[in-house]
């Protein structure tokens, strides 16, 4: 049985974070839990990600078949029982859509052993289906791109481009279900240049295990610098605990990671924050969420693309801005504390790329200089670099960091760049 809420004075002694998934967000969790409570997290990964597993602040465990729900649940059940017998209070978080969805879907069973800071599955399933997300945006007056949905489960369905001008965007409506699909030239998001290309993508999805919708969407003009990102946390009453916004200066353009922010600078955009909070309060959201938005220069609107019902991969920027998002979740879900609105106003530049990539990839001279100056004054930070960690982790983090040069050389500067623009 899940332990009772501990006394405040005992929290650092009994808290045991368990993190499922090993990405940049996972490492940010490791750091946040250590900085708040001086506790080592247990992290479960499907493979050995050395830039994370070599951290001195984590007990990293490779679990074969972790992506499978039955395997994950069985392992977490055994682990939870072990921790409770040892006098610990297990606190469970996940990284990435797939794990967040599995944890939410099985929240009731998991809460027999763990404190779980996720919304109930019915709400998660509703709002992460992009058809439903856009319907809600329409209801409450939040701008979003013009969109049509193609049913990949219907073998007779045709590839409808909505009459949009090419290029257009195509992407799966459900990233967790798409996780399992095997198709040629699989990408997170497709930039489609012709009707023939759209038909090939749709046909391959119809023939795969993916049985949800393919979103076909107008391309909102503008480069990476028009993307906005917002991380937010609301309590059970719908009150904001923090709202931390940023402007993306550069995105990843490799096939499996396209759209992931590579550089974020602070931007406190009141219109985006107001719309995001209105959405969260409308649906009764409690917890941490991440919104992807793009400025539309045609009409001056900020068009919402999606909500992630979890901390985003780039959530280290929230910690850089001054908010320990792991502590926020523990205070709220485990300790039941009323926190109040936290400022997220420290200067920062979140970057996954070295200065060389910035110099070659950021066209706007003022933005380029702002980012490069941040490397000089120390406000620019790579999410895997932490002075408090050990030599082995620093070594593997450096390999990950400088590998970005070859990735950008291939997908942004090289001959294949046109395929991943």
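In my numbering, the protein residues as written are 5 to 425. Built from N, CA and C at the ideal position, the CB exists for glycine as well.
Beta-bridge pairing by DSSP links residue 298 to 231, 307.
Per the DSSP secondary-structure output, residue 64 pairs in a beta bridge with 47.
The Cβ atoms of residue 146 and residue 193 lie no closer than 8 angstroms to each other. For residue 403, the uninterrupted alpha helix (DSSP H) segment begins and ends at 395-412. Taking each of 170, 153, 15, 258 in turn and checking the Cα distance to residue 206, the smallest one comes out for 153. By the C-beta density criterion, residue 303 is exposed, having fewer than 16 other C-beta atoms within 10 angstroms. In this model, residue 297 and residue 81 are separated by some 38 angstroms (Cα to Cα). Put simply, of 336, 333, 330, 326 the residue whose alpha carbon is nearest the alpha carbon of residue 349 is 326. Taking the Cα positions, residue 276 is about 21 angstroms away from residue 133.
Taking the Cα of residue 236 as reference, the smallest distance to any Cα among 318, 244, 230 is reached at 244. Counting along the chain, residue 201 sits inside the alpha helix (DSSP H) bounded by residues 199-210. Closest by C-alpha distance to residue 242, out of 219, 260, 361, 285, is 285. Looking at the backbone, the Cα of residue 323 and that of residue 215 are separated by about 37 angstroms.
With respect to residue 266, residue 356 sits close: the two C-beta atoms are nearer than 8 angstroms.
Look at the stretch 255-291 and you find these whole runs of beta strand (DSSP E), each 3 residues long or longer: 265-270. Contact annotation: residue 321 and residue 299 have beta-carbon atoms that are not nearer than 8 angstroms. Residue pairing by DSSP places residue 5 opposite no residue, since no beta bridge is assigned to it. Ranking 10, 370, 362, 373 by CA distance to the CA of residue 406 puts 362 first. In this structure residue 93 is not in contact with residue 107, their Cβ atoms being roughly 17 angstroms apart against a cut-off of 8 angstroms. Cβ-Cβ distances below 7 angstroms link residue 29 to 99, 315, 316, 317, 319 in the same chain, with the five nearest sequence neighbours on each side left out; the list follows chain order. With contact defined as three or more Cβ pairs closer than 8 angstroms, the stretch 44-60 and the stretch 398-418 are in contact. Per DSSP, residue 28 has no beta bridge partner at all. In the DSSP assignment, residue 367 is bridged to no other residue. Within the DSSP bridge table, the entry for residue 222 names 172 as partners. Nearest Cα to residue 217 within the set 288, 165, 177: 177. The continuous alpha helix (DSSP H) containing residue 84 extends over residues 73-89.
Shown here, residue 70 sits in coil according to DSSP, grouped into three states, outside any helix or strand.
Spatial neighbours of residue 69 in its own chain (CB-CB distance under 7 angstroms, excluding positions within 5 residues in sequence) are listed in chain order as 75. In this structure, DSSP gives residue 359 a helical state, which the three-state scheme calls helix.
If you draw a straight line from the Cα of residue 89 to the Cα of residue 48, it is about 20 angstroms long.
Looking at 117, 105, 382, 61, the one whose alpha-carbon comes closest to that of residue 124 is 105.
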